[in-house]
Amino acid sequence: MSDDCLFCKIVAGEIPADMVLENDHVVAFRDISPKAPTHVLVVPRTHAANVAAVAASAPHELAAMAVAAQQIADDQCGGEYKWVFNTGASVGQTVFHAHGHVLGGELEESIV
Ligand code: AMP
Ligand code: ZN
């Protein structure tokens, strides 16, 4: 756990979140400021600053994140979704504990 990391505190149960999935490797909870009908954050239990750091240090957790993202989309939005990783403040990353945004349903026009 990293001190003063919001998502480490959610993983540890110290801060509440609207959980949708938990297993040995990941937790997933609804984004507090949803940008789509389905907007869930998939978070590895182990602190890492971004998705590349997860891949380098705990590839099994990245694999578990992908499986969880699909399970959430299967449950909530017909199995179809975008999976977004903001990486760096200049592109909008605000929480520096890796997380994938699972976005599904009727989406606003996207840049990609
Ligand atoms: P990012 O901008 O990619 O770092 O994404 C961080 C996301 O975390 C944003 O979409 C926020 O709305 C979301 N967020 C911030 N605090 C919370 C919280 N306590 N519970 C759930 N989502 C949060
Ligand atoms: Zn953390």
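Sequential numbering from 553 applies to the sequence shown in my numbering. Glycine included, every Cβ here is placed at the ideal spot set by N, Cα and C.
- Item | Distance between A615 and T646 (C-alpha atoms, nearest Å) | 23 Å
- Taking all protein chains shown into account, decide if A604 is buried (16 or more other Cβ within 10 angstroms of its Cβ) or exposed. exposed
- Query: D583: beta carbon under 7 Å from a heavy atom of the ligand AMP?
  - Reply: yes
- Query: So does F637 have its beta carbon nearer than 7 Å to some heavy atom of the ligand ZN?
  - Reply: no
- Helix, strand or coil for H612, going by three-state DSSP, please let me know. helix
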